[in-house]
Amino acid sequence: MSISLRNFIIFNSLFSNKEGDEAKKILFYHPSETDLDTQIKDIGLCEAILKFSGTYTKEDSCEVVRTQKTIQLYYEPEPNFWMIMTINAPYDTKQKDSIEYNEYRGDEVNEKVYRSVLKQSYRMFRLFCGTFQSHIASGEHSSDVPHELINKIKDFYVEYIRTMRLEVNNIFDIFCSTQHLPLNDLLFLRVHNFIQLIQTSFPMVVHCVLFCNEHVVCAQTSDVNPKDLHSINEYMHSTFFAKLHQSQSNLCSFARGSLADLLETTDFSGVNRVVPIIHIYNENTVRKFQLIVYRLLDAVICFLVDESTEITKEICDELFVHFKIGQQLTMITDEIIKFQQSESTPTSDKSESGPKFIFFNELSFKHSESLRLNHTQGRPKNVPVEVMNLITDLYEADIRNKRPCAKESIVKTLNDYWIVCRKSNYRHFFVIVHKNSTMLEITEEAKRLYNTHAEDVFFE
Amino acid sequence: MTDLKTPTEEQIDEFQAACPHESMLITTDSFEEFSREMSASLKEFENNDQRASNIVDIQGKSDVPGKNVDVDGSGRLTQLSNSESSSTLSLVQTESPNDGSSDCDDYLHDTEWLNKQEHVFILSKAGKPIYSLYGNEDKLATLFGVMQALVSVVQSNEDTIQSIQAKGIRFVFLVKSQLILVAVSRKKKSVQQIQMQLTDVYNQILSTLTLSHMNRIFEQRKNFDLRRLLGGSERLIDNLLECGKSDSKISNNPFIFLTHSVRILPLTSAVRETITSAIQSNCSKIKNLVFAVLIANNKLITLVRMKKYFVHPADLRLIFNLIECSESFKNGEIWLPICLPKFDSNGYLYTHVSYLSDDCQACLLLLTVDREAFFQLSEAKKKITDKLRRSQTFKAINDAMQKDINLRTIGIPEIRHFLYKSKSNAQLLCSEVTMPYNTPEGFERLESLYYGIHNRIHSNNRPLKLILEMREEEIMLAWVTSGYELYATFEPMIDNNTVITLVNKLLSWIKKGEDVLFILNAPTF
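Sequences listed follow chains V and R, in order.
Its first residue numbered 1, the first sequence is counted upward by one per residue in the numbering used here.
Its first residue numbered 1001, the second sequence is counted upward by one per residue in the numbering used here.
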């Protein structure tokens, strides 16, 4: 059996203040078929563990609980709101003396990866629905059941859990970074100017994200938290692009409103459409934007429009007829695609067995890689889970040391995978080579890849 | 072997080929074996009836008075704890029963207690306090209750709790058929490493009680206060944990635990041969003698065993631990029962313990299944001592006890420290802890570096062959081959080529001295 979700719980202990009232703590419990007694018992155990670990650490900082069969991740995104995700460890059924038993491989489940998945699930909720607390009326008494919040959570997470694919999660979920399509200087300036022009011509467009072939090309999102950009990117992939691939019209969306209409009409004439609202948090302030997505062939552009602005017929006309956004977009994407094609031919890195790399910049939350062909592929085909987990181990060992120190590690697995990991000034570069070779050869190989893909980036 | 390919590679291979055919120690990859054990103990009770008893085997083979020793007779045991063991193990007074305050608030509000680097608790399945590394366990009744509850709630889901990870602190549970062991650690040890430490502690308890006796006690009375039977062995547990803790001590001892192996006192093969044959010639006539072990300075000099029987490193570790923390053994002969859980968890080996002489502080242990053999063994020991004195081996042993492996003298000062474990016989070689690791802070760092790299190379799910880490402070290498494991720290700023050259220098030095540094044969009576 491979890895699977056992349960997903959101609770707040303050909502129940007397014995027999425990059910009130539960804000969400997946799977919903679970009987109430089990739900209460599970949450009771979580509370007991929190209390126990809290004896030794001041903060309520419980992160992971492991049992023989499960891995339980803890996250407290807002005071007293706990999110718990329990994962069933993968296992094999074996036989010994004609007795069947299961051998659990909990070590395969990387807790850092899945805790990031849990955190991401909250960030996604917050992006589309705002904080948990914001759905509790200020006058509401703590003993009242917060129906609005419960419904909100249910609407969101029932759908969200459906899109979760635990078996493909890996180090990229920890990064929370976005891969930008590489451009040359000239092209970069052109794209930059184009977006700038949109923003000056249409002041209500506060931020813009341009996608080409489903990759982020440019994101003019100066005060958007890079993790929120990651969420927008994730959202676009898990719903928008996914729907494009299916090209079905009975689409579901876990955000408020539906993007279905956007797919079918390339103009903005639809009037009654409900546009998703996204919440961008910065420090303690929140700004709300309408997320408007415009697609033309391979290009997709997301406009983050101030919430108060009504998208009128005039604005649409201005955008399409006078500004001719369609034409401009086509021209620019044509050039990007041409550039991509000219770039991708000489590098043989994408071959199945050749060396692969991952480059991640902790400060800009950008990464580039040659492991996966595209974002939707999820798990790289040619790299086994252990190797992906090893990369995570190496990365974790690096960031534990908060100082921006330089370090290089080389490891070799039992089945001849080599990983070279170079860390310098908050940049992480990993090279994965699968061949039986000597350490010196591998070092050389890594150096070569490093020089092609990361050297100039280090001075960006 | 291609990991560090160099012209001298043949040398390395040659070295591996020279490994002994048979070892006196049972050698398994400790982690591998451990995880197997873990899953076995999770499945069901450790079923002690089905397991063959080594002790009964040995007793059965020879018709001796000891045959009627009921391996796990309870009557026998009470007698033991009253007579023999009290005369030997009562070095620490049994703790006076405390004033009965079960209020743990004192500790739970005591920041000094809470902030200790490590805590270890032992409780019975019913939640009865048995042991706490720090503080009086009676005052922790509430905490023990919580731990017991956590274990049993998870167990009610047909599952077993293993660990809790919070920021900067880790809680590790080891759930055995009758006991619950919990460690709280702020150190950077992995769950696996902490579980191994707890397993050592568990074995220490079995070593005093035997598994079958403990099972029977708890079957009869769930609420039994096990401390009544453990009187005196707390200090053994303390010492065992101290080894892994080494807050103040700077020594290579933690690495013995880490690698689950034994350090050897370097002696020329001629001297070692003399010692071994002295033991063999004086003991071969003694029936039922299972093992003879000679130890000095926490290092093994020789181990002679009964044919077909082997010592497990974990058992040997209990023996070392016993010797290390029993100063009083130096005062004369001791006769005491020890259970070696890996050898046979249900019975005792009766052990004659004595130091060779005042002018040679090596400790000889003779382990038998015959509880009446004291005088016979005492006689044998005298003869062994006489023979060794005559052959002037005392001086050789004393000299060796003073010496340490210094990398400067070997001529490779760029290597700061190393651990070399010969896998086939679970023997560990390590160099003297020198600059910059011979300060408490420096040593703590070295220790956590080794723990970290050892954990990664032996990871359950993703074991590695090789790790090389270039850091600003030092270079770390871990390398596992079929024959040995090597862990080393180097001066920083050395390139990969030089690292390889240095490693080869070290390996060829070890190879040259292998018959001195290791015990390559596995002598029997």
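Beta carbons are placed, not taken as given, at the ideal position from N, Cα and C, and that holds for glycine.
These figures come from a predicted structure and were not determined experimentally.
Local Cβ density within 10 Å of residue i, reported as buried at 16 or more and exposed below that
i: R/Arg-1371; result: buried
i: V/Val-109; result: buried
i: V/Lys-96; result: exposed
i: R/Met-1435; result: exposed
i: R/Gly-1060; result: exposed
i: V/Ala-446; result: buried
i: R/Gly-1232; result: buried
i: V/Val-422; result: A quick correction: the sequence has Arg, not Val, at residue 422 of chain V. Per the 10 Å Cβ criterion, buried.
i: R/Leu-1265; result: buried
i: V/Ala-454; result: buried
i: R/Arg-1272; result: buried
i: R/Ser-1422; result: buried
i: V/Met-500; result: This structure leaves residue 500 of chain V out entirely; chain V is present only between 1 and 460.
i: V/Arg-165; result: exposed
i: R/Ala-1270; result: exposed
i: V/His-367; result: buried
i: R/Leu-1206; result: buried
Beta-carbon contacts of residue i that lie in its chain and below 6 Å, excluding the five residues immediately before and after
i: R/Ile-1055; result: Val-1071, Asp-1344, Gly-1347, Val-1369
i: R/Thr-1489; result: Arg-1416, His-1417, Glu-1474, Met-1476
i: V/Asp-173; result: Val-113, Ser-116, Val-117
i: V/Leu-296; result: Gly-326, Leu-329
i: V/Tyr-294; result: Ile-301
i: V/Ile-150; result: Leu-27
i: R/Thr-1377; result: A small correction: the amino acid at residue 1377 of chain R is Leu; Thr does not occupy that position in the sequence shown. Contacts found: His-1352, Leu-1366.
Own chain partners of residue i with C-beta closer than 8 Å, once the 5 adjacent residues on each side are dropped
i: V/Asn-7; result: Tyr-29, His-30, Pro-31, Thr-34, Asp-42, Ile-84, Met-85, Thr-86
CB contact flag (residue i, residue j, <9 Å)
i: R/Val-1182; j: R/Leu-1198; result: yes
i: R/Met-1401; j: R/Gln-1361; result: yes
i: R/Glu-1469; j: R/Ile-1453; result: yes
i: R/Ser-1163; j: V/Arg-66; result: yes
i: R/Arg-1316; j: R/Ile-1338; result: With the sequence shown as reference, residue 1316 of chain R is identified as Leu, and Arg is not the correct amino acid for it. For R/Leu-1316 and R/Ile-1338, no; Cβs fall outside 9 Å.
i: R/Thr-1268; j: R/Ala-1396; result: yes
i: R/Ile-1169; j: V/Thr-333; result: no
i: V/Cys-405; j: R/Ala-1166; result: no
i: V/Ile-301; j: V/Ile-325; result: yes
i: V/Ile-171; j: V/Ile-358; result: yes
i: R/Phe-1121; j: R/Leu-1150; result: no
i: R/Ala-1314; j: R/Asp-1200; result: yes
i: V/Ser-461; j: V/His-237; result: Because chain V in this structure spans residues 1 to 460, residue 461 of chain V falls outside the shown range and cannot be described.
i: V/Glu-78; j: V/Phe-15; result: no
Chain R contact residues for residue i, given Cβ-Cβ distances below 8 Å
i: V/Cys-405; result: Arg-1471, Glu-1472
i: V/Ile-49; result: Leu-1150, Ile-1164
Within chain V, the residues that residue i reaches when beta carbons sit closer than 8 Å
i: R/Thr-1489; result: Chain V residues near R/Thr-1489: none, gap ~14 Å exceeds 8 Å.
i: R/Lys-1167; result: Thr-57, Glu-59, Ser-61, Glu-63
i: R/Asp-1106; result: The premise fails here: R/Asp-1106 is roughly 13 Å from chain V at the closest Cβ pair, so nothing lies under 8 Å.
i: R/Asp-1159; result: Thr-67, Gln-68, Lys-69, Thr-70
Proximal residues of chain R, C-beta to C-beta of residue i below 7 Å
i: V/Asn-451; result: What V/Asn-451 touches in chain R: nothing, since even the nearest Cβ is about 17 Å away.
i: V/Phe-52; result: Val-1146, Leu-1150
i: V/Glu-386; result: Asn-1461, Arg-1462
DSSP bridge partner residues for residue i (one or two, in chain order)
i: R/Ser-1326; result: Per DSSP, none; premise fails for R/Ser-1326.
i: R/Tyr-1484; result: R/Ser-1422
i: V/Asp-306; result: V/Phe-289
i: V/Phe-360; result: V/His-367, V/His-428
i: R/Tyr-1350; result: R/Pro-1337, R/Thr-1368
i: V/His-207; result: V/Leu-304
i: V/Phe-8; result: V/His-30, V/Met-85
Proximal chain R residues relative to residue i, where beta-carbon distance stays under 9 Å
i: V/Leu-390; result: Arg-1456, Ser-1459, Arg-1462, Leu-1464
i: V/Arg-427; result: Within chain R, no residue comes near V/Arg-427; the closest Cβ sits about 16 Å away, beyond 9 Å.
i: V/Asp-393; result: Arg-1456, Ser-1459, Arg-1462
Cross-chain neighbours of residue i in chain V, by beta carbon under 9 Å
i: R/Asn-1496; result: Ile-410, Met-439, Leu-440, Thr-443
i: R/Asp-1110; result: Ordered by position in chain V, no residue passes the 9 Å Cβ test against R/Asp-1110, which lies about 11 Å from the chain.
Neighbourhood of residue i by C-beta, 7 Å cutoff - its chain only, sequence neighbours within 5 removed
i: R/Asp-1495; result: none
i: R/Ile-1319; result: Val-1293, Leu-1365
i: V/Ser-13; result: Lys-25, Glu-47, Asn-80
Closer than 8 Å: residue i CB and nearest the ligand ADP heavy atom
i: R/Cys-1363; result: For the structure depicted, the ligand ADP is absent and the ligand set is empty, with no information on it obtainable.
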